[in-house]
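Using the UniProt record's numbering, you'd call the opening residue of the sequence shown number 1 and step up by one each time. Ideal Cβ positions, reconstructed from N, Cα and C, are used throughout, including at glycine. Since the structure is predicted, the reported quantities are computational estimates derived from the model, not experimental observations. Read the structure below first, then the notes.
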Amino acid sequence: MKIALVGATGFIGSRLLAELTARGHQVSAIVRNPEKVPVQAGITAVKGDVFDKDGLAAQLKGHDAVISAVHFTASDPAVLLAAVKQSGVKRYLVVGGAGSLEVAPGVKLFDAPDFPAIYLVEAKAGGAFLDLLRQENGLDWSFLSPPALIAPGERTGKFRLGKDQLLVDADGKSAVSAEDYAIALVDELEKPAHNRQRFTVAY
Numbered sequence: 001m002k003i004a005l006v007g008a009t010g011f012i013g014s015r016l017l018a019e020l021t022a023r024g025h026q027v028s029a030i031v032r033n034p035e036k037v038p039v040q041a042g043i044t045a046v047k048g049d050v051f052d053k054d055g056l057a058a059q060l061k062g063h064d065a066v067i068s069a070v071h072f073t074a075s076d077p078a079v080l081l082a083a084v085k086q087s088g089v090k091r092y093l094v095v096g097g098a099g100s101l102e103v104a105p106g107v108k109l110f111d112a113p114d115f116p117a118i119y120l121v122e123a124k125a126g127g128a129f130l131d132l133l134r135q136e137n138g139l140d141w142s143f144l145s146p147p148a149l150i151a152p153g154e155r156t157g158k159f160r161l162g163k164d165q166l167l168v169d170a171d172g173k174s175a176v177s178a179e180d181y182a183i184a185l186v187d188e189l190e191k192p193a194h195n196r197q198r199f200t201v202a203y
C-alpha cells in the first residue's frame, strides 16, 4: 500500500517506518526535518507541518492510509483530523497513549494517584484525541494504545491484544517493545480488525 506516515522519525514513528518498508509498503515520511529520514527504496521524505491543515491535506492526498505518530502536545488533533478528511483518505491509524486505558471500571490510568505527573498533560491530550475520534463518522479510524511501559527492544511478534483495559501480565507488568508495537499497528493496517475502535497491545 501507499502510506503517509506523519512523524516518521520519532521513537515510534521510526519503528513503524522500518516495519512498513520491511513489508513492502511505499511510505511518504512526513516530518519537520526530511534530512533525518533514512535514504532507502520505498521511502519518500516529505517536509510537512502538522499545524498547516491545507498543506498537510495536499500531502496526504492519494494515499491508501494515513498513520499519525506525533505527540499529542506537539499537534492539534482537530487540525490533523480536518487535514485527513480534506485529503479524501478514509483509513486513519493513530499511535495512541496508555493514559486513557481503564485500570478499573470507570477509572483511567491517568487518574491513578501514582501516575507520573511529567506525563499527565500528554496523557490527557491523548484521551481528548480519542474522544474526538469517537465522534468521527467520516473516517475509518483505529487508535492503538501502548501498555504502561514501551521501550526499545526485540521484535518478537508475540503479544496480546486488548480493547479499553490496561493489559498486565502474571507479574503485574504492563509492557511491550516499540518494535512489537509497530507489528501490531501494521497488522491492523493490513488486516483491519478494530475499525472505529481503540485497542491495545502488551506481552
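With residue i and residue j assumed to form a contact (beta carbons below 8 Å), what rounded beta-carbon distance in angstroms separates them?
i, j, result
"His194", "Ser142", "5 Å"
"Ser177", "Pro152", "7 Å"
"Lys124", "Gly106", "Not quite, the Cβ-Cβ distance comes to about 16 Å (not below 8 Å), so this is no contact."
"Ala167", "Val84", "Looking at the sequence provided, one finds Leu at residue 167 rather than Ala. Actually they are not in contact, since the Cβ atoms of Leu167 and Val84 sit about 28 Å apart, beyond 8 Å."
"Ala69", "Ala8", "7 Å"
"Ile67", "Leu5", "5 Å"
Output the distance between the C-alpha atoms of residue i and residue j, rounded to the nearest integer angstrom.
i, j, result
"Asp114", "Arg134", "28 Å"
"Ala58", "Leu20", "22 Å"
"Lys2", "His25", "6 Å"
"Gly55", "Leu161", "35 Å"
"Phe11", "Gly48", "18 Å"
"Ala170", "Tyr203", "10 Å"
"Glu188", "Ile30", "21 Å"
"Phe159", "Lys53", "36 Å"
"Ser28", "Ser145", "23 Å"
Looking only at its own chain, which residues have a Cβ that is under 8 Å from the Cβ of residue i, when we skip the five neighbours before and after it?
i, result
"Arg23", "Val186, Glu190"
"Lys61", "Ser87, Gly88, Val89"
"Ile183", "Glu19, Arg155, Gly157, Phe159"
"Leu16", "Leu5, Ala8, Ile67, Ala69, Val95, Ala182, Leu185, Val186"
Taking the beta strand (DSSP E) that residue i falls in, what are its first and last residues?
i, result
"Lys85", "Segment 77-87 is the alpha helix (DSSP H) holding Lys85; no beta strand (DSSP E) there."
"Val176", "175-177"
"Val6", "2-6"
"Arg196", "Arg196 -> no beta strand (DSSP E), and no H or E assigned at all."
"Val66", "65-68"
Leaving aside the five residues before and after residue i along the sequence, list all residues of the same chain whose C-beta is less than 7 Å from its C-beta, in chain order.
i, result
"Phe51", "Asp76, Val79"
"Asp164", "Leu101, Glu102, Arg198"
Counting only the same chain and skipping the five closest in sequence on each side, list residues whose C-beta sits under 6 Å from that of residue i.
i, result
"Ala148", "Ala98, Ser174"
Start-end ranges of the beta strand (DSSP E) lying completely within the segment 13-52, minimum 3 residues
26-31, 43-47
Ignoring anything shorter than 4 residues, give me the alpha helix (DSSP H) runs that lie fully in the segment 83-163, in order along the chain.
As far as the segment 83-163 is concerned, its whole alpha helix (DSSP H) runs of at least 4 residues are 120-134.
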